[in-house]
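Asker: Handing you a structure now.
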Amino acid sequence: MYSIRDINLKEEGLRKIDWVRSNMPILNELERLFIKEQPFKGIKVSLSIHLEAKTAYLATIIKAGGAKIRVTGSNPLSTQDDIAAALVSLGLEVFAWYDATEEEYGTHLRSVLEFGPNVVIDDGGDLVSLLHTEMTDLLPEVYGGCEETTTGIVRLNALDRENRLKFPMMSVNDADCKHLFDNRYGTGQSVWDGILRTTNLVIAGKTVVVAGYGWCSKGIAMRAKGLGASVIITEIDPVKAIEAVMDGFAVMNMDEASYLGDFFVTATGCKDVITEKHFYQMKEGAILSNAGHFNVEVSYADLERIAVKITNRRKNITGYLLSNGKTVNLLGEGRLVNLTCADGHPAEIMDMSFAIQALCAKYIVEQKGKLSNHVHKVPKEIDEFVALFKLKSLGITIDTLTEEQHEYMNSWEL
Ligand code: NAD
Ligand code: SAH
Numbered sequence: 004m005y006s007i008r009d010i011n012l013k014e015e016g017l018r019k020i021d022w023v024r025s026n027m028p029i030l031n032e033l034e035r036l037f038i039k040e041q042p043f044k045g046i047k048v049s050l051s052i053h054l055e056a057k058t059a060y061l062a063t064i065i066k067a068g069g070a071k072i073r074v075t076g077s078n079p080l081s082t083q084d085d086i087a088a089a090l091v092s093l094g095l096e097v098f099a100w101y102d103a104t105e106e107e108y109g110t111h112l113r114s115v116l117e118f119g120p121n122v123v124i125d126d127g128g129d130l131v132s133l134l135h136t137e138m139t140d141l142l143p144e145v146y147g148g149c150e151e152t153t154t155g156i157v158r159l160n161a162l163d164r165e166n167r168l169k170f171p172m173m174s175v176n177d178a179d180c181k182h183l184f185d186n187r188y189g190t191g192q193s194v195w196d197g198i199l200r201t202t203n204l205v206i207a208g209k210t211v212v213v214a215g216y217g218w219c220s221k222g223i224a225m226r227a228k229g230l231g232a233s234v235i236i237t238e239i240d241p242v243k244a245i246e247a248v249m250d251g252f253a254v255m256n257m258d259e260a261s262y263l264g265d266f267f268v269t270a271t272g273c274k275d276v277i278t279e280k281h282f283y284q285m286k287e288g289a290i291l292s293n294a295g296h297f298n299v300e301v302s303y304a305d306l307e308r309i310a311v312k313i314t315n316r317r318k319n320i321t322g323y324l325l326s327n328g329k330t331v332n333l334l335g336e337g338r339l340v341n342l343t344c345a346d347g348h349p350a351e352i353m354d355m356s357f358a359i360q361a362l363c364a365k366y367i368v369e370q371k372g373k374l375s376n377h378v379h380k381v382p383k384e385i386d387e388f389v390a391l392f393k394l395k396s397l398g399i400t401i402d403t404l405t406e407e408q409h410e411y412m413n414s415w416e417l
């Protein structure tokens, strides 16, 4: 079964998957292991992650491990129709297309769940949310699941705090080999990839305002500095704000920063970070983008409401003419700019994130019935396996403690 835009797009999709496969050595290794060991034999997996080439490769290796898998995207604007077609041609059940309406997107999510999954792989919590609300009849078959992103974990923790989580969930995002690299270096590069591809403007000498100084924002700010921009950080957490100061950035509130920025990037997981009041204070031509979950950080609703005129200025750039005569430009409808305006994080980064996903999915199957219905940390061994294999793929050998060193590090005597 499948529901996609056009199966004829498969050739380009297959080429893209082949390209990432040759740049994801950890997944290559897991693919070999899964083919041999069949850890998912007879297991049904529902997967909802941005449907582009790296996710497609993850889905194929889970299938190669014996799973029956249904796949959809985690954002209507990040789905690539050629990738969906390629996956169908490889025998996977895919339900997704680019630019699905909210209703179609909901139907796709329900379709991947309808076959009664044992394992759910989620990005942002949409599948888990459906299983806890309108599809509770499927709960008895679910062994557990894995969550990809920060906001998804925030939502899961909220459910867990109320003791309402109905199956164990692995917090993939919190693994070191995920957020330290994916959120920081992945977002740092792919956000600028999205902004540069879309605007084709120069960054050097411009002022970039980055909202938040968490893992994603740190990467975005670091790369903006590298491109020659002056960077301003806004925060709500006093410690993170000091960290930004010590890293050499200007720190101020959004009210002040809104007058100064040429480019604005939000990555907070919060809502209403940039709103009506700020838009009026911005320079003519300011470029707005978001890298955090959903289109509420840069208030899309406010822009749509207050604009005197809305124009499609270039692919993925919407111009909002305001009543003060100035135009501000929003990229990718305020959705994740790196995934709506580019191909998301590079293969070598997603290799680590998705190796954690694949190993956590395997762990969920192995631990069936043994894990409590809470959010669980990724076992240290999984993190270490991924780190060591990544180093190996880079041809790097590191030191190991001698017995004497180990003893020295573990003693309290002088
Ligand atoms: P994080 O928790 O490390 O950082 C978020 C930061 O934002 C925190 O320091 C917090 O204090 C700050 N913040 C919160 N509300 C704020 C506000 N109103 N104004 C200014 N700062 C505020 O989270 P993270 O891992 O950096 O993730 C941030 C968001 O990006 C999440 O929604 C996450 O799901 C998403 N994410 C996106 C990508 C991507 O590919 N685009 C990758 C990873 C995570
Ligand atoms: N449904 C939410 C999802 C948040 S996405 C939304 O659309 O707003 C954030 C996650 O995207 C990150 O945790 C990151 O791991 C993932 N991501 C980044 N680049 C990716 C890529 N190339 N392929 C698949 N997932 C990617």
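So my numbering is basically just the index in the sequence shown, starting at one, shifted up by 3. Glycine included, C-beta positions come from ideal geometry on N, C-alpha and C.
Would DSSP call H379 helix, strand or coil?
Answerer: Sequence index remark: in the sequence shown, residue 379 carries index 376 (1-based). Looking at H379 - three-state DSSP - the assignment turns out to be strand.
Asker: Taking 8 Å as the cut-off, is the C-beta of H348 nearer than that to any heavy atom in ligand 2?
Answerer: The sequence position of residue 348 within the sequence shown is 345, counting from 1. Answer for H348: yes, Cβ within range of ligand 2.
Asker: Pull up the distance between the alpha-carbon of A270 and that of M249, whole angstroms please.
Answerer: The residue given as residue 270 occupies position 267 in the sequence shown. The residue given as residue 249 occupies position 246 in the sequence shown. Between A270 and M249, the C-alpha separation is close to 20 Å.
Asker: Given 8 Å as the limit, is there contact between the region 217-227 and the region 183-197, that is, 3 or more CB pairs closer than that?
Answerer: Judged by Cβ distances under 8 Å, the region 217-227 makes contact with the region 183-197, as three or more pairs qualify.
Asker: Are the region 14-26 and the region 104-114 touching, with three or more C-beta to C-beta distances below 8 Å?
Answerer: No contact exists between the region 14-26 and the region 104-114.
Asker: At a threshold of 8 Å, does A56 count as lining ligand 1 (C-beta to nearest heavy atom)?
Answerer: Locating residue 56 in the sequence shown gives position 53, where the first residue counts as 1. No, Cβ of A56 sits at least 8 Å from all heavy atoms of ligand 1.
Asker: Among G128, D125 and D140, which one has its Cα closest to the Cα of G3?
Answerer: There is simply no residue 3 to check, as the chain begins at 4 and stops at 417 in what is shown.
Asker: Name, in chain order, the residues that DSSP records as bridge partners for G148.
Answerer: Here residue 148 corresponds to residue number 145 of the sequence shown, with the count starting at 1. Answer is V123 and M172.
Asker: Is E151 near ligand 2 - that is, is its Cβ less than 8 Å away from at least one heavy atom of it?
Answerer: Start at 1 with the first residue of the sequence shown, and residue 151 comes out as number 148. Yes, the beta carbon of E151 sits closer than 8 Å to at least one heavy atom of ligand 2.
Asker: Can you check which of these residues, T343, T63, A87 and Y146, is closest to I46 by C-alpha distance?
Answerer: Translated into positions along the sequence shown, residue 46 becomes position 43. Ranking T343, T63, A87 and Y146 by Cα distance to I46 puts Y146 first.
Asker: According to DSSP, is A207 part of a helix, a strand, or is it coil?
Answerer: Here residue 207 refers to the residue found at position 204 when the sequence shown is read from its first residue. If DSSP states are grouped into helix, strand and coil, A207 belongs with coil.
Asker: Enumerate in chain order the residues of its own chain whose CB-to-CB distance from E117 is below 7 Å, with the five nearest sequence positions on each side excluded.
Answerer: Indexing the sequence shown from 1 puts residue 117 at position 114. So the list is empty, once near-sequence residues are dropped.
Asker: For I7, which of helix, strand or coil comes out of DSSP?
Answerer: Counting from 1 along the sequence shown, the entry for residue 7 is found at position 4. In the structure shown, I7 sits in coil (DSSP, three-state: anything other than H, G, I, E or B).
Asker: If we count the other Cβ atoms within 10 Å of its Cβ and call it buried at 16 or more, is K380 buried or exposed?
Answerer: As a first step, residue 380 is located in the sequence shown; it is residue number 377 there, counting from the start. Result: exposed.
Asker: Nearest to D85 by alpha carbon, out of P79, E96 and W100?
Answerer: Counted from its first residue, the sequence shown places residue 85 at position 82. Of the listed residues, the one whose Cα sits closest to D85 is W100.
Asker: Between which two residues does the alpha helix (DSSP H) harbouring L133 extend?
Answerer: The residue labelled residue 133 in the question sits at position 130 within the sequence shown. Per DSSP, L133 belongs to the alpha helix (DSSP H) from D129 to H135.
Asker: Helix, strand or coil: how does DSSP classify I309 here?
Answerer: Position 306 of the sequence shown, counting from 1, holds the residue named residue 309. Correct three-state label for I309: helix.
Asker: Give me, in chain order, the residues of the same chain whose beta-carbon lies closer than 8 Å to that of A253; leave out the 5 immediate sequence neighbours on both sides.
Answerer: For this step, residue 253 is matched to residue 250 along the sequence shown. Result list for A253: S233, V234, I235 and I236, in chain order.
Asker: Can you tell me whether DSSP reads R338 as helix, strand or coil?
Answerer: As a working note, residue 338 is residue 335 in the sequence shown. The answer is coil: DSSP assigns R338 none of H, G, I, E or B.
Asker: Locate the beta strand (DSSP E) running through K47, then write down its first and last residues.
Answerer: Stepping through the sequence shown from its first residue, residue 47 is reached at position 44. Unbroken beta strand (DSSP E) run through K47: K47 to S51.
Asker: Quick check on DSSP: helix, strand or coil for N293?
Answerer: By 1-based counting over the sequence shown, the position of residue 293 is 290. Three-state result, N293: strand.
Asker: How would you label I38, buried or exposed, when you count the other beta carbons within 10 angstroms and need 16 or more for buried?
Answerer: Taking the sequence shown and counting its residues from 1, one reaches residue 38 at position 35. I38 comes out exposed.
Asker: For V340, I'd like the list of residues in its chain whose CB is within less than 8 Å of its CB, leaving aside the five on either flank, ordered along the chain.
Answerer: Locating residue 340 in the sequence shown gives position 337, where the first residue counts as 1. Excluding sequence neighbours, V340 sits near V194, G197, I198, T201, V268, S292, N293, A294 and L334.
Asker: Out of curiosity, what's the CA-to-CA distance linking S51 and A207?
Answerer: On the sequence shown, position 48 is the one that residue 51 refers to. On the sequence shown, position 204 is the one that residue 207 refers to. Between S51 and A207, the C-alpha separation is close to 37 Å.
Asker: Counting C-beta neighbours from all protein chains within 10 Å, is the total for A161 16 or more, i.e. buried, or is it exposed?
Answerer: Residue mapping note: residue 161 aligns to position 158 of the sequence shown, counting from 1. So A161 ends up on the exposed side.
Asker: Within a Cβ cutoff of 7 Å, which residues of the same chain sit near D102, ignoring the five residues on either side of it in sequence?
Answerer: In the sequence shown, the residue the question calls residue 102 occupies position 99. If we look at D102 and ignore the five residues flanking it on each side, its Cβ neighbours are P79 and L80.
Asker: Which one or two residues does DSSP pair with S266 in a beta bridge?
Answerer: As a first step, residue 266 is located in the sequence shown; it is residue number 263 there, counting from the start. Per the sequence shown, the amino acid found at residue 266 is Phe instead of Ser. BP columns for F266 point to V211 and I290.
Asker: I want to check one thing, is the minimum distance from the CB of T400 to the heavy atoms of ligand 1 below 8 Å?
Answerer: To locate residue 400, count along the sequence shown from 1; it is residue 397. No, Cβ of T400 sits at least 8 Å from all heavy atoms of ligand 1.
Asker: Closest to S301 by CA distance: which of A361, F266, R317 and E150 is it?
Answerer: If you number the sequence shown from 1, residue 301 lands on position 298. Note that residue 301 is Val in the sequence shown, not Ser. Closest by alpha carbon: F266.
Asker: How about G322 and K286: do their beta carbons lie closer than 9 Å?
Answerer: Locating residue 322 in the sequence shown gives position 319, where the first residue counts as 1. Locating residue 286 in the sequence shown gives position 283, where the first residue counts as 1. No; because the gap between Cβ atoms is not below 9 Å, this pair is not in contact.
Asker: Could you spell out where the beta strand (DSSP E) holding V74 opens and where it closes?
Answerer: What you label residue 74 is simply residue 71 of the sequence shown in a count that begins at 1. Residues K71 to T75.
Asker: Pop quiz: V368 and L159 are said to be a contact at Cβ under 8 Å. What is the actual Cβ separation, rounded to whole angstroms?
Answerer: The residue given as residue 368 occupies position 365 in the sequence shown. The residue given as residue 159 occupies position 156 in the sequence shown. Actually they are not in contact, since the Cβ atoms of V368 and L159 sit about 19 Å apart, beyond 8 Å.
Asker: With a Cβ-Cβ cutoff of 9 Å, do K393 and C180 count as a contact?
Answerer: The count along the sequence shown starts at 1 and reaches residue 393 at position 390. The count along the sequence shown starts at 1 and reaches residue 180 at position 177. Yes, Cβ-Cβ distance for K393 and C180 is below 9 Å.
Asker: Using only the alpha-carbon positions, how far apart do V91 and Y5 sit?
Answerer: If you number the sequence shown from 1, residue 91 lands on position 88. If you number the sequence shown from 1, residue 5 lands on position 2. Those two C-alpha atoms are separated by around 7 Å.
Asker: DSSP beta-bridge partners for G322?
Answerer: Position 319 of the sequence shown, counted from the first residue, corresponds to residue 322. For G322, which the question treats as bridged, DSSP gives the partners T314 and N332.
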